[in-house]
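Here the structure comes first, spelled out in structure tokens, and everything after it is commentary.
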Amino acid sequence: MTEYLYEKDLRPLKYNVLAAPRQDRTVRAMAAVLGVRVQVLRRHLIERLDMSDMENMPARWEAAHAVQAGGGGHDALADALGRDLFVRKIAVFTPAEMETAYGKARALADGGTPLADAVEEGKKTLREVITP
Amino acid sequence: MKKTVDVSIPVGPVHPCWKEPVRIKCETRGEHVIGTEVEMGYMKKGIERIMRGRPWQEVMFLAERVCGICSVVHNMVFIEAMESISGITPPPRAAYLRVVVNELDRMASHLLANFSYCYTIEHETLGMYLLNEREHVLDMLERITGNRVNTAYMIPGGVRYDLRPVDEKVLRETLDLLDENIARYTKMFETGPMIALRSKGVGILTKEQALEAHAVGPTARASGIAVDQRTRHPTYKEIGFEPVVRTEGDNYARIMVRFEELKQSINLIRRALAMMPDGPIRGGGICKGGEVRYSGEAPRGELTYFVKADRYGRVEDIAIQTPSIMNIDACSHYMLKGVSSIADVTSTFISSDPCIACNER
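Chains X and C are the protein sequences, given in the same order. Be aware that the first sequence starts at 1, since it is given in this note's numbering, and climbs by one per residue. Be aware that the second sequence starts at 1001, since it is given in this note's numbering, and climbs by one per residue.
In structure tokens:
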């Protein structure tokens, strides 16, 4: 988004939103899935999401898990990497970033690597985006 | 490099159409809006933090101060959450009185929301007519509870005041008046050609998008999702309740859902009055410790309280998920994207009935 001359620094306010109980629980759950430190993920989210996204993050997280519990997708690798969850539901990654990680993991899985190892490789690529 | 964005236009935080301050940054290409970002933080109260560590007797007053427009439902959901922790059941008469007051509150909120929309699309005449009807509703709230807003009517195990026969008579007369007038205003909205130009096919939220953003309330119901917490509430089940659903998903549908819900609320109150038994309005009970996630249907949608109380009924932890959180997200990330004119940004935003006070808490 374009920067304005009178732009406020929203980082403290965004941090307050993320520190609220439900948001905090969601960020911790996301950090556990991705295997990154909570503080690092918070900084990444503050950069990427707007305040409305952040407020709605727990509801989106729950809605996405409800869909997954009701059957979810047919691609176990995509589900494990959160291909839909972390791009469309909560925009932690851009589609291009996720496709790069998914592509690497898919190539490994198709080459005979166990699914867990392929997922871990994909998550490693995703972690590189979050961790500077 | 291909130029995709012509101008970035900030709408708000102070805007004649906004009830509360919020800024929407619109990225435009010509008149076409290609992306928006919502900026809040102008009225953060930190009310959840203020609530923590306080006894329920104080928190119930704080809860209804989360939002001035739908204060009754905040009171109701918090009290019913405490009742559910403590195993308290209100007497039948009190349960029906809660429905009466809650539906009056919903009517006041829907009338204000539709007024705001009419005002935003420059149909001030209809807007003022609707505000006039809202006065009747608020007068009824005052007659029953003693206050127009922040009524603190519900308490664990019952309600504060009974409905006197004279008040019931006036309430029935007012409902007849409202029924007649709202039918007339609904027809005005349905048949207005200029209203249709500004509303039909504008700000579309598809069912899939509504599900993705977890949209709730009239915003979700206008997109074909039959979600309403009242279908799970025991008193509403007794009265008989079916949610109003439309499928268009545009501004017009969202406003029409509210008009139809106004008629529905009038009928719900009439049925509650007819079914209401005589008897006590307070059953007593002591608030105990425990943890619960309790949802109720606010005028804007599903309102959820996560309450953890200690054995003295003191609130140890609380989180409030208001409906506007989901609806503003749905509005800013789906409805406003692709709006063909910057003039439709305000009306589309207002059509989702955003409550910034609820959102920021």
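Positions of the beta carbon are idealized from the N, C-alpha and C atoms, including for glycine. These numbers come from a predicted model, not from an experiment.
Short CB-CB distance (under 9 Å) between residue i and chain X
i, result
"residue 1107 of chain C", "no"
"residue 1039 of chain C", "yes"
"residue 1359 of chain C", "yes"
"residue 1213 of chain C", "yes"
"residue 1319 of chain C", "yes"
"residue 978 of chain C", "Any answer about residue 978 of chain C is impossible in this case: the structure gives chain C only from 1001 up to 1361."
"residue 1306 of chain C", "yes"
"residue 1329 of chain C", "yes"
"residue 1349 of chain C", "no"
Chain-ordered neighbours of residue i on chain X, where CB pairs are closer than 8 Å
i, result
"residue 1044 of chain C", "13, 16"
Chain C contact for residue i (CB, 9 Å cutoff)
i, result
"residue 5 of chain X", "Any reading at residue 5 of chain X must be qualified, since the residue scores a pLDDT of 49, below 50, and its modelled position is unreliable; the value itself is stated next. No, its Cβ sits nowhere closer than 9 Å to a Cβ of chain C."
"residue 45 of chain X", "no"
"residue 59 of chain X", "yes"
"residue 67 of chain X", "yes"
"residue 83 of chain X", "no"
"residue 138 of chain X", "Nothing can be reported for residue 138 of chain X, as the shown portion of chain X is limited to 1 through 132."
"residue 76 of chain X", "no"
"residue 63 of chain X", "yes"
"residue 126 of chain X", "no"
"residue 10 of chain X", "yes"
"residue 119 of chain X", "no"
"residue 122 of chain X", "no"
Strand pairing of residue i, partner residues [DSSP]
i, result
"residue 1036 of chain C", "C:1026"
"residue 1290 of chain C", "C:1309"
"residue 1301 of chain C", "C:1298"
"residue 1158 of chain C", "C:1155, C:1282"
"residue 52 of chain X", "Bridge partners of residue 52 of chain X: none, in fact."
"residue 1314 of chain C", "C:1055"
"residue 1319 of chain C", "C:1306"
"residue 1009 of chain C", "C:1026"
Under 7 Å from the C-beta of residue i: neighbouring residues of chain X
i, result
"residue 1326 of chain C", "56, 59"
"residue 1332 of chain C", "52"
Cross-chain neighbours of residue i in chain X, by beta carbon under 9 Å
i, result
"residue 1048 of chain C", "20, 21"
Listed by chain order, chain C residues near residue i by CB distance under 7 Å
i, result
"residue 88 of chain X", "1212"
Interface residues of chain C facing residue i [CB-CB closer than 8 Å]
i, result
"residue 34 of chain X", "The contacting residues do not exist; residue 34 of chain X stays about 21 Å from chain C at best."
Residue i at chain A interface by Cβ criterion, 9 Å
i, result
"residue 107 of chain X", "No chain A appears in this structure, whose protein chains are X and C."
Quick test of the definition: if touching needs 3 or more C-beta pairs under 8 Å, does the stretch 1173-1181 of chain C touch the stretch 1302-1322 of chain C? no
Minimum length 4: unbroken alpha helix (DSSP H) runs contained in the stretch 1051-1088 of chain C: 1056-1063, 1071-1086
Is there contact between the stretch 1249-1257 of chain C and the stretch 1197-1205 of chain C, where contact requires at least three CB pairs shorter than 8 Å? yes
Inside the stretch 1088-1140 of chain C only - alpha helix (DSSP H) runs reaching at least 4 residues: 1092-1120
Taking contact to mean 3 or more Cβ pairs, one atom from each stretch, closer than 8 Å, check whether the stretch 61-71 of chain X and the stretch 99-119 of chain X are in contact. no
Count Cβ pairs between the stretch 1083-1102 of chain C and the stretch 1277-1286 of chain C that sit closer than 8 Å; are there 3 or more? Yes: the two stretches touch, three or more of their Cβ pairs being nearer than 8 Å.
Can you check the stretch 1241-1288 of chain C for any alpha helix (DSSP H) of at least 4 residues that lies completely inside it and give the ranges in chain order? 1251-1275
Decide if the stretch 1321-1329 of chain C is in contact with the stretch 1293-1302 of chain C; the criterion is three or more beta carbon pairs, one per stretch, under 8 Å apart. yes
Inspect the CB distances between the stretch 1101-1118 of chain C and the stretch 1286-1300 of chain C and report whether three or more fall short of 8 Å. yes
Would you call the stretch 1075-1085 of chain C in contact with the stretch 1160-1168 of chain C, where contact means no fewer than 3 C-beta pairs closer than 8 Å? no
Enumerated in chain order, which unbroken segments of the beta strand (DSSP E) with a length of 3 residues or greater are wholly contained in the stretch 58-84 of chain X? none
Within 8 Å, do at least three Cβ pairs link the stretch 72-84 of chain X to the stretch 121-132 of chain X? yes
Inspect the CB distances between the stretch 1108-1122 of chain C and the stretch 1017-1024 of chain C and report whether three or more fall short of 8 Å. Counting Cβ pairs under 8 Å, three or more are found: they touch.
Report yes or no: do the stretch 1185-1196 of chain C and the stretch 1256-1268 of chain C share at least 3 C-beta pairs separated by less than 8 Å? Short answer: they touch.
Quick check: the stretch 1335-1353 of chain C against the stretch 1033-1044 of chain C, are at least 3 beta-carbon pairs closer than 8 Å? yes
Should the stretch 13-20 of chain X be regarded as contacting the stretch 40-52 of chain X, the criterion being three or more beta carbon pairs within less than 8 Å? yes
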